[in-house]
Amino acid sequence: SILITGAAGGIGSALAKAYASPGINLFLGDIEPESLASLAAQCRSLGAEVWTAVVDVTNHRAVAAWLNRSHQIRPLDLVIALAGISRGTFCREETVEEIREVFAVNLDGMVNTAEPAITLFRQRGKGQLALTSSLAGTRGFPVAPSYCATKSAIRVYGEGLRSRLLRENIVVSVINPGFVKTSMTDANPYPMPFRVSAERAARIIKSQLAWGRAHISFPKPHAAGAFLLKLLPAWLFDRIFRLK
Numbered sequence: 001s002i003l004i005t006g007a008a009g010g011i012g013s014a015l016a017k018a019y020a021s022p023g024i025n026l027f028l029g030d031i032e033p034e035s036l037a038s039l040a041a042q043c044r045s046l047g048a049e050v051w052t053a054v055v056d057v058t059n060h061r062a063v064a065a066w067l068n069r070s071h072q073i074r075p076l077d078l079v080i081a082l083a084g085i086s087r088g089t090f091c092r093e094e095t096v097e098e099i100r101e102v103f104a105v106n107l108d109g110m111v112n113t114a115e116p117a118i119t120l121f122r123q124r125g126k127g128q129l130a131l132t133s134s135l136a137g138t139r140g141f142p143v144a145p146s147y148c149a150t151k152s153a154i155r156v157y158g159e160g161l162r163s164r165l166l167r168e169n170i171v172v173s174v175i176n177p178g179f180v181k182t183s184m185t186d187a188n189p190y191p192m193p194f195r196v197s198a199e200r201a202a203r204i205i206k207s208q209l210a211w212g213r214a215h216i217s218f219p220k221p222h223a224a225g226a227f228l229l230k231l232l233p234a235w236l237f238d239r240i241f242r243l244k
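Under UniProt numbering, think of the first position of the sequence shown as 1, with each following residue one higher.
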């Protein structure tokens with residue numbers, strides 16, 4: 001059984017459909033009821049059993065209750081935390097309210113999903129947890145500092161959980177997408193080299209999760225570029241990315 005937060009979004013929707021097949025139980029959560037209902041119908045047409053929940057990941061009690069209900073229906077094998085937002089653009093700075101919203105959804109939402117999942121996996125004696133970071137989390141980019149900060153925190157959080165939980169037969173993977181064609185990236189007013197489709201992203205994630213990879217970073221050229229940017233000295237990074 002697989003539970004996905006942010007399931008109605010670009011990657012979440014594609015991933016749900018990638019997993020949907022006879023014998024698969026899907027628990028799909030999102031804040032968009034209409035998109036969620038449409039996705040559920042598509043996944044059922046592919047043979048999966050599907051349960052949906054309109055859930056806000058910033059509400060830790062609601063998320064924990066949903067995970068517990070889902071686990072009682074079908075014991076959870078894999079929890080994929082995908083819910084996330086971005087608010088920064090080249091055109092204007094983030095407001096304080098937007099910064100707080102990004103931290104609440106991206107970071108608090110990830111913790112609100114991970115911790116009850118870990119509790120359930122411990123009770124069962126096994127499980128797999130996937131946390132969604134981003135290649136943007138490798139460095140603080142001026143276009144969306146709060147987004148980069150939350151994704152960096154998620155990456156480190158996931159790395160720490162992986163090392164701590166492996167001995168308990170709980171595998172934690174960190175997903176690090178680059179540019180993926182979704183409604184979020186469609187709003188970006190700048191070039192996005194190597195951007196891949198949500199369907200391609202889903203295939204990569206599904207394949208790498210099956211191997212229990214620590215990090216799932218894609219596309220490869222973007223991942224290599226992010227690694228090199230991380231190595232740049234501050235003065236050179238500032239010169240390249242300084243906003244006019």
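All C-beta atoms in this analysis are idealised placements derived from N, C-alpha and C, irrespective of residue type, glycine included.
Residues that DSSP places opposite residue i in a beta bridge
{"i": "W51", "result": "F27"}
{"i": "V174", "result": "L131, H215"}
{"i": "S197", "result": "K181"}
First and last residue of the uninterrupted alpha helix (DSSP H) at residue i
{"i": "L39", "result": "33 to 45"}
{"i": "T113", "result": "109 to 124"}
{"i": "A149", "result": "145 to 165"}
{"i": "L236", "result": "234 to 241"}
{"i": "R100", "result": "96 to 102"}
{"i": "P221", "result": "220 to 231"}
{"i": "R61", "result": "60 to 73"}
{"i": "I11", "result": "10 to 19"}
N- and C-terminal bounds of the beta strand (DSSP E) containing residue i
{"i": "V79", "result": "78 to 81"}
{"i": "L3", "result": "2 to 5"}
Where residue i falls, given that 16 or more other Cβ within 10 Å makes a residue buried
{"i": "I240", "result": "exposed"}
{"i": "F155", "result": "Sequence check: residue 155 is Arg here, not Phe. Looking at its Cβ environment, which holds 16 or more other Cβ atoms inside 10 Å, R155 is buried."}
{"i": "Q123", "result": "exposed"}
{"i": "E94", "result": "buried"}
{"i": "W66", "result": "buried"}
{"i": "P219", "result": "buried"}
{"i": "N176", "result": "buried"}
{"i": "A223", "result": "buried"}
{"i": "A144", "result": "buried"}
{"i": "A16", "result": "buried"}
Beta carbon of residue i nearer than 8 angstroms to that of residue j
{"i": "residue 249", "j": "T150", "result": "Not covered by the structure: residue 249. The range shown for the chain is 1 to 244."}
{"i": "A226", "j": "A14", "result": "no"}
{"i": "L173", "j": "L76", "result": "Here the sequence assigns Ser to residue 173, which means Leu is not the residue at that position. No, these two residues do not count as a Cβ contact at 8 angstroms."}
{"i": "S133", "j": "G160", "result": "no"}
{"i": "I4", "j": "G29", "result": "yes"}
{"i": "L78", "j": "Q128", "result": "yes"}
Requested in this report: Answer yes if the stretch 34 to 49 comes into contact with the stretch 94 to 105, meaning at least three C-beta pairs across the two stretches below 8 angstroms, and no otherwise.
Outcome: Touching, no.
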